[in-house]
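Only one structure is covered here, and it is reproduced in the block below.
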Amino acid sequence: MTIIVHHLENSRSQRILWLLEELGFPYVVKRYERDPKTMLAPPELKAIHPLGKSPLIEDEGLVLAETGAIVEYLVEKGGGKLGPPPEREAVLRYRHFLHYAEGSMMPPLFALLVINRLGLLGRPAKGTVQGMLDQHLDWLETELSIRAHFAGADFTAADIMMSFPLEASTSRGGLDASRPNLMNWLERMHGRPAYKAALSHGGPYAYA
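Here this note's numbering is used: the first residue of the sequence shown is -15, the next is one more, and so on.
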């Protein structure tokens, strides 16, 4: 059965398309555009799920929300491909980064998004929030100095989850060549054929 992805432009749901490409699952994309003034998701998404957020997928009569939960569902559906590595420590890292991406990285990034839109009103808080994000980026730079990927030696769904916050960090969080391990990792992720295929199906993607 073909999976339906309710996909919002310029959003973190791009990761679901990427994972589907990596797993080789058939899918169709239903695209939604943001409100040009508020940049919020359109009300049509509420007809699929009451929260009206993206990503959402429909599969075998189920409607699933939340990126991390969708990733876990698809990995399980794929028989564990791109799931936890066999080593215990790598399993723990996989679980950590799968949830860290949204639970720890995204709050300061979202705060910076709001602060930047506030202009002069947001300026007093920017340094504090940027400092919080810098702590994350410095730690992640160290993590990738000892491993090729976030969970271990091999590419996993944890890398897919980590892609959006790090991409967003390049556009509004100060991530640049001063952290070469993170930038090298991003370059490798962007070079994956499945990543490129997902971009061709997802439309505009500007790390919103």
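C-beta: ideal position from N, C-alpha, C; glycine also.
Item	Value
DSSP-derived helix/strand/coil call for Gly16	Here residue 16 is Tyr; the residue named in the question, Gly, does not match the sequence. If DSSP states are grouped into helix, strand and coil, Tyr16 belongs with the strands.
Exposed unless 16 or more other CB atoms sit within 10 angstroms - verdict on Trp2	buried
Length of the line joining the Cα atoms of Leu150 and Leu159	8 Å
Complete runs of the beta strand (DSSP E) confined to the stretch 50 to 102 [at least 3 residues]	none
For Ile144, the residue or residues it bridges with in DSSP	According to DSSP, Ile144 bridges with nothing at all.
CB-CB length for Thr140 against Gly67, believed under 8 Å	7 Å
Bridge-paired residues (DSSP) for Ile(-13)	Tyr11
Supposed close pair Leu117, Ser162 - CB separation, criterion 8 Å	With 8 Å as the limit, Leu117 and Ser162 do not qualify as a contact, their Cβ atoms being about 14 Å apart.
Alpha-carbon to alpha-carbon, Glu56 and Ile(-13)	15 Å
Proximity of Pro10 and Asp19 at Cβ, strictly below 9 Å	no
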